[in-house]
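What follows is a set of notes on a single structure, which appears directly below.
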Amino acid sequence: MLRRVSSFFSKNRQFIPLMATALLALTAYGIGAYFFVGMRNPQVFFNLFRNSAHTLISGIGMTFVILTGGIDLSVSGVVALTTVASAVLLREGWNAWLVILLMLAMGMSLGAIMGIFIVKLKVQPFIATLAGMWFARGMCFFISDNAVQIDNYVFHILGKTKILIPGLTELAESQGNPAPFISIPVVAAFTLLLAAIFIAHYTRFGRNVYAIGGDEGKNEQSARLMGLPVDRTKLLVYTFNGFCSALAGLSYALFVESGHGLYAPGFELDVIASVVMGGTMLSGGAGYVFGTLFGVLILSVTQVLIQFIGSLSSWWTKIVIGVLTLIFIGVQTVLANRKSGRSGAQPAQALPEAHRKRLAFVAGAIALIAIAAFVSVSRFGGASSAATPESTQCIVKPFREEEAARLIKDGAVIVYNRTAGPLCVDQLYAIYPDGRVTGNDGVNQVERQVDPAQVGNLLTAISVDHQWFTNEIYSTYLNPCRQCFAHYISVSYNGQEKAVTGVDGTTAMPPGYAFALAEIRPLLPELTSEP
Amino acid sequence: MKKTMKPSFTWRNITESRLFFPLVALSLILLFDFIFIPGFFTIENREGNLHGSLIDIFRNGSTVMLLAIGMTLVIATGGVDLSVGATMAIAASVAGILMNPSALRNEVFFVTDPTYTFQPLGVVIAAALFVAILCGLWNGVLVAYMRIQPMVATLILMISGRGIAQLITNGLRVQITYRPYAYIGQGWIVLPFSLYIVAFVFLVTWLMTRKTAIGMFIESVGINFRSSFFSGIDEKRIKLLVYTFCGFCAGIAGLVASSNIKTSDANNIGLTTELDAILAVVIGGTSMAGGRFSLLASMVGALVMQAITQSMYAIGVPAFALQAIKAVVVILVILLYSEQVRGFVRRISAPKKEV
Numbered sequence: 001m002l003r004r005v006s007s008f009f010s011k012n013r014q015f016i017p018l019m020a021t022a023l024l025a026l027t028a029y030g031i032g033a034y035f036f037v038g039m040r041n042p043q044v045f046f047n048l049f050r051n052s053a054h055t056l057i058s059g060i061g062m063t064f065v066i067l068t069g070g071i072d073l074s075v076s077g078v079v080a081l082t083t084v085a086s087a088v089l090l091r092e093g094w095n096a097w098l099v100i101l102l103m104l105a106m107g108m109s110l111g112a113i114m115g116i117f118i119v120k121l122k123v124q125p126f127i128a129t130l131a132g133m134w135f136a137r138g139m140c141f142f143i144s145d146n147a148v149q150i151d152n153y154v155f156h157i158l159g160k161t162k163i164l165i166p167g168l169t170e171l172a173e174s175q176g177n178p179a180p181f182i183s184i185p186v187v188a189a190f191t192l193l194l195a196a197i198f199i200a201h202y203t204r205f206g207r208n209v210y211a212i213g214g215d216e217g218k219n220e221q222s223a224r225l226m227g228l229p230v231d232r233t234k235l236l237v238y239t240f241n242g243f244c245s246a247l248a249g250l251s252y253a254l255f256v257e258s259g260h261g262l263y264a265p266g267f268e269l270d271v272i273a274s275v276v277m278g279g280t281m282l283s284g285g286a287g288y289v290f291g292t293l294f295g296v297l298i299l300s301v302t303q304v305l306i307q308f309i310g311s312l313s314s315w316w317t318k319i320v321i322g323v324l325t326l327i328f329i330g331v332q333t334v335l336a337n338r339k340s341g342r343s344g345a346q347p348a349q350a351l352p353e354a355h356r357k358r359l360a361f362v363a364g365a366i367a368l369i370a371i372a373a374f375v376s377v378s379r380f381g382g383a384s385s386a387a388t389p390e391s392t393q394c395i396v397k398p399f400r401e402e403e404a405a406r407l408i409k410d411g412a413v414i415v416y417n418r419t420a421g422p423l424c425v426d427q428l429y430a431i432y433p434d435g436r437v438t439g440n441d442g443v444n445q446v447e448r449q450v451d452p453a454q455v456g457n458l459l460t461a462i463s464v465d466h467q468w469f470t471n472e473i474y475s476t477y478l479n480p481c482r483q484c485f486a487h488y489i490s491v492s493y494n495g496q497e498k499a500v501t502g503v504d505g506t507t508a509m510p511p512g513y514a515f516a517l518a519e520i521r522p523l524l525p526e527l528t529s530e531p
Numbered sequence: 001m002k003k004t005m006k007p008s009f010t011w012r013n014i015t016e017s018r019l020f021f022p023l024v025a026l027s028l029i030l031l032f033d034f035i036f037i038p039g040f041f042t043i044e045n046r047e048g049n050l051h052g053s054l055i056d057i058f059r060n061g062s063t064v065m066l067l068a069i070g071m072t073l074v075i076a077t078g079g080v081d082l083s084v085g086a087t088m089a090i091a092a093s094v095a096g097i098l099m100n101p102s103a104l105r106n107e108v109f110f111v112t113d114p115t116y117t118f119q120p121l122g123v124v125i126a127a128a129l130f131v132a133i134l135c136g137l138w139n140g141v142l143v144a145y146m147r148i149q150p151m152v153a154t155l156i157l158m159i160s161g162r163g164i165a166q167l168i169t170n171g172l173r174v175q176i177t178y179r180p181y182a183y184i185g186q187g188w189i190v191l192p193f194s195l196y197i198v199a200f201v202f203l204v205t206w207l208m209t210r211k212t213a214i215g216m217f218i219e220s221v222g223i224n225f226r227s228s229f230f231s232g233i234d235e236k237r238i239k240l241l242v243y244t245f246c247g248f249c250a251g252i253a254g255l256v257a258s259s260n261i262k263t264s265d266a267n268n269i270g271l272t273t274e275l276d277a278i279l280a281v282v283i284g285g286t287s288m289a290g291g292r293f294s295l296l297a298s299m300v301g302a303l304v305m306q307a308i309t310q311s312m313y314a315i316g317v318p319a320f321a322l323q324a325i326k327a328v329v330v331i332l333v334i335l336l337y338s339e340q341v342r343g344f345v346r347r348i349s350a351p352k353k354e355v
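Chains A and B supply the protein sequences, listed in that same order. Counting in my numbering, the first sequence runs from 1 upward without gaps. Counting in my numbering, the second sequence runs from 1 upward without gaps.
Here is the structure:
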């Protein structure tokens, strides 16, 4: 039996990383479903795809780039630029379909330009695409400084259409769940995936891509000597990735219905990590487009697990993904070293021995991850195992700006509104010059009296010591931080009125703003906030 | 280096020098500033300390200069370290949490007392640098002993490093008010204090690489690690050394950066500075494929990057839009370095030599 398993593995060795990824993604989901009843809801499973359609789309293009031995760091920039440019063009009243075509053309031309730099001027891929990312991100802010809302019928239809899964509707309804659905970007992503698999494995272009990558550039040289169109292939690959980035940007814009230059920070790292976890060698030449799907799945399952566990913060995602990437790269390196014969000095009969060891290593690594995941989920998850999708997804209420303006009119000097946070609160406080502090969270009202001098000191500190905080804080609720508070402060003092919004923890807060926040909070009365 | 030391200052020798292109780039930017920004070159004397835009270039460039020192050595061995930004954040977080542990109580908390610190300054700095060295060591082990591609190996720490930094600070921005610490990035002794740190690290590195055989070993590993192995150089240990040193430099840069903004911000400290540092080295003329390196040229490269930033701020380009301009400049610099342009310069220089 063991021998049979062993021979199966040795025959399909190139599939090991792919199988490991698929197994890991499904195991992780299985563990989650075992602990959290909410995760057994089929919609949670389909949300994995809905939330990561743009990662998958971008990952497909990135797989091709990495297969040729290159890398493209510009994807996050192009995604952000696409969201902003499309949002602004739609605001100007352009036709939605024209905008979509234009965005795809823009992505392709950006990709092609970077490709020309890489191919013709022999610039290192990672420097050329880095410049591309800076350029794209910078252009976003030339177009618009602030987030632009997308209010377009076609985009609305494309983003909000629910595609029901045939066969699952009745099943879900019999269990009392709403019918599970996916969205149009998911369909687009899977269509692209099928097309990409066809291109990679059944066309001449695909074979050229595989021929170019790998072995530290030596394969590229051989491909060139064989007369393969290396330059044209590379150029096409970067152009294709530009197309994918623009498509990813469009699906992101559909998902969030707005555009901003700070969207998708560090997105390229997520995409590269997914591609690597999908079993593609970062040195190029080996891997499968199909594997990227599982890489993306691992990423989104990790995010969902961390959301469900609830007591873990979102940055754990980064650490988990980093560790997983490390393990996958480790396995790849072991396999590659074996293939290229760096350890080939050993005698022939020692090979099966070494092989078994390696197999044991891979199996051990997977088992270790599974155990670690199991233990951590059961440890951290115990506290909030009742977590359901409803309670983990805090519906952030908009700031009560009008109410704040009314309070200011009534004589308040500082109005402070804080929403979200671990308990998903929505509290509005007003501080009056006579030291009266009131607060309400929509249900309860509280009042407290502090020393008027304290209020005076605070105002002087804000206005003089810190010369008022600036208004340039970008608050976005798309922020990955799930435990943070969103703050809104409005100050009226000395004839000046200032209002600032921000999110603590992850957005850049100017020191003056952080100071104001930290000094205001001790003055506030306790609100017994309901969970 | 040797070429510039020769007394024959012919046109060819000058253009072939490593310092030539970075200096040309720097002077072009400064010329631009001279023409378009009035008062860019004025240096004020405030209570014996020198202030001005020119000084600011040096002061704000000190983090990139520190990173560039370590990065030059790494790139000279044929590797690259993408994790320096994350290492900076980790070092800054360690320092911040040791001085102001209030973030562990999950609150945005502002200590306003400038003399308060949880641990003495020596412990803070030592701990931060120790952790940074550990980060470098980790990269070095992955690259040298596990034989993982440098870009991939350091990518892992780049991805997870910010997560680790946030883990340390509990995901909050830690305010630093301890005044002696703020002196690292904000103090002045005629010139900004951070410049002395840069000068010290540079001098030590220069002595280490140019007055001992280590520099030659690094270059030979970068040119061909196999043949250097056969000629008796322990290439693994050399690689381990340079990555560890790069982590150490990143740690110092993290201290300077966090003390400069009086905050240790796991998310934003050192964000994309790894790219600035790599570009500084590239502008300095060290090939990404490894081999010959020049620390001084990398320093000039770092100044070029900072001079661009500073002049764009001076003409009032918003911070975010600055990236687009930086990208264009980087592309121009890369074009300047391409074989076509170099060949063109050589063609100009050829007839002059005959004369």
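Just so you know, even glycine gets a beta-carbon here, dropped at the ideal spot from N, CA and C. Quantities reported herein were computed from a predicted structural model and do not represent experimental measurements.
Same chain only: Cβ atoms within 8 Å of ARG224 (chain A), ignoring 5 sequence neighbours per side: So the qualifying residues of the chain are VAL230.
Stretch-stretch touch, CB-based, cutoff 8 Å, three pairs: the region 133-142 of chain A with the region 317-324 of chain B: Below 8 Å, enough C-beta pairs join the region 133-142 of chain A and the region 317-324 of chain B to call them touching: three or more.
Test: ALA386 (chain A) CB closer than 8 Å to a CB of chain B: Annotation note: pLDDT 36 at ALA386 (chain A) (below 50); position unreliable, coordinate value reported separately. ALA386 (chain A) does not count as touching chain B.
CA-to-CA distance, ALA96 (chain A) to VAL154 (chain A), given in whole angstroms: VAL154 (chain A) and ALA96 (chain A) have their C-alpha atoms some 6 Å from each other.
Neighbour list for ALA321 (chain B) in chain A, Cβ cutoff strictly below 7 Å: GLY138, PHE141, PHE142, listed in chain order.
Spatially closest choice to GLY259 (chain A) from A:ALA87, A:PHE198, A:SER76, A:LYS160, by CA coordinates: Closest by alpha carbon: A:ALA87.
Cross-chain neighbours of SER160 (chain B) in chain A, by beta carbon under 9 Å: Residues of chain A passing the Cβ test: LYS318, ILE319, VAL320, ILE321, GLY322, VAL323, THR325, LEU326.
Cβ neighbours of LEU19 (chain B) in the same chain (closer than 6 Å, five flanking residues each side left out): Annotation for LEU19 (chain B): ALA297 place their beta carbon closer than 6 Å to its own, counting only its chain and skipping 5 residues before and after.
Chain-ordered residues of the region 51-75 of chain B with a beta carbon less than 8 Å from chain A: The residues in question: there are none.
Short CB-CB distance (under 8 Å) between ALA131 (chain A) and chain B: For ALA131 (chain A), a Cβ of chain B is located within less than 8 Å of the residue's own Cβ.
C-beta neighbour in chain A for GLN166 (chain B), strict 8 Å: The Cβ of GLN166 (chain B) sits closer than 8 Å to at least one Cβ of chain A.
Three-state secondary structure (DSSP) of GLN149 (chain A): In the structure shown, GLN149 (chain A) adopts extended strand secondary structure according to DSSP, grouped into three states.
Validate contact between the region 256-271 of chain A and the region 141-152 of chain A using beta carbons, cut 8 Å, 3 pairs: Yes, the region 256-271 of chain A touches the region 141-152 of chain A.
Residues of its chain near ILE133 (chain B), where Cβ-Cβ distance is below 8 Å and the 5 sequence neighbours each way are ignored: The answer, listed in chain order, is THR244, GLY247, PHE248, GLY251.
Assigned exposure category for LYS326 (chain B) - 16 Cβ within 10 Å defines buried: Buried is the call here.
Residue of B:VAL131, B:PRO101, B:LEU157, B:ILE125 minimising C-alpha distance to PHE401 (chain B): Residue 401 (chain B) is absent from the structure shown; chain B starts at 1 and stops at 355.
Euclidean distance between Cα positions of ILE165 (chain A) and GLU497 (chain A): The straight-line gap from Cα to Cα measures roughly 52 Å.
Residue closest to GLU274 (chain B), alpha-carbon to alpha-carbon, out of B:GLY48, B:SER228, B:ARG347, B:ALA89: When only C-alpha atoms are compared, the closest one is B:ALA89.
Cα-Cα separation between PHE64 (chain A) and PHE294 (chain A), rounded to whole angstroms: For PHE64 (chain A) and PHE294 (chain A), the gap between their C-alpha atoms comes out near 16 Å.
Cβ shell of GLU526 (chain A) (< 8 Å), same chain only, five flanking positions each side left out: Excluding positions up to five away in sequence, the list reads VAL446.
Any C-beta of chain D under 8 Å from that of PHE135 (chain A): Of the protein chains in this structure, namely A and B, none is chain D.
Beta-bridge partners of ILE431 (chain A), as assigned by DSSP: Under DSSP, the beta-bridge partners assigned to ILE431 (chain A) are A:ILE414, A:VAL437.
Positions along the region 98-131 of chain A whose CB lies within less than 8 Å of some CB in chain B: Result list: PHE117, LEU121, LYS122, VAL123, GLN124, PHE126, ILE127, ALA128, LEU130, ALA131.
Own chain partners of ARG40 (chain A) with C-beta closer than 8 Å, once the 5 adjacent residues on each side are dropped: The residues are ALA33.
Cα-Cα separation between GLY217 (chain A) and ALA105 (chain A), rounded to whole angstroms: So the alpha carbons of these two residues sit roughly 30 Å apart.
Amino acids of chain B, ordered along the chain, whose beta-carbon sits closer than 8 Å to that of THR333 (chain A): Neighbours of THR333 (chain A) on chain B, chain order: MET146, ARG147, ILE148.
Interface partners of LEU282 (chain A) on chain B, CB under 7 Å: Here the neighbours are GLN149, VAL152.
C-beta atoms of GLY291 (chain B) and ILE184 (chain B) nearer than 8 Å: Not closer than 8 Å, so no.
CB of LEU282 (chain A) within 8 Å of CB of GLN149 (chain B), strictly: Result yes, Cβ atoms of LEU282 (chain A) and GLN149 (chain B) sit closer than 8 Å.
TRP94 (chain A) in three-state terms, based on DSSP: Coil at TRP94 (chain A), not helix or strand.
Any C-beta of chain A under 8 Å from that of MET288 (chain B): Closer than 8 Å: yes.
Contact set between ALA273 (chain A) and chain B, taken where Cβ atoms lie within less than 7 Å: The contacting residues are ILE159.
Proximity of PRO180 (chain B) and PHE58 (chain B) at Cβ, strictly below 8 Å: It is not a contact, given that the beta carbons lie outside the stated cut-off.
Local conformation of ARG147 (chain B) per DSSP, three classes: Here ARG147 (chain B) sits in coil by DSSP.
As assigned by DSSP and simplified to three states, the class of TYR178 (chain B): Three-state result, TYR178 (chain B): coil.
Close Cβ partners of LEU129 (chain B) (< 8 Å) along its chain, the five nearest in sequence each way excluded: Excluding positions up to five away in sequence, the list reads ALA91, PHE248, GLY251, ILE252, LEU255.
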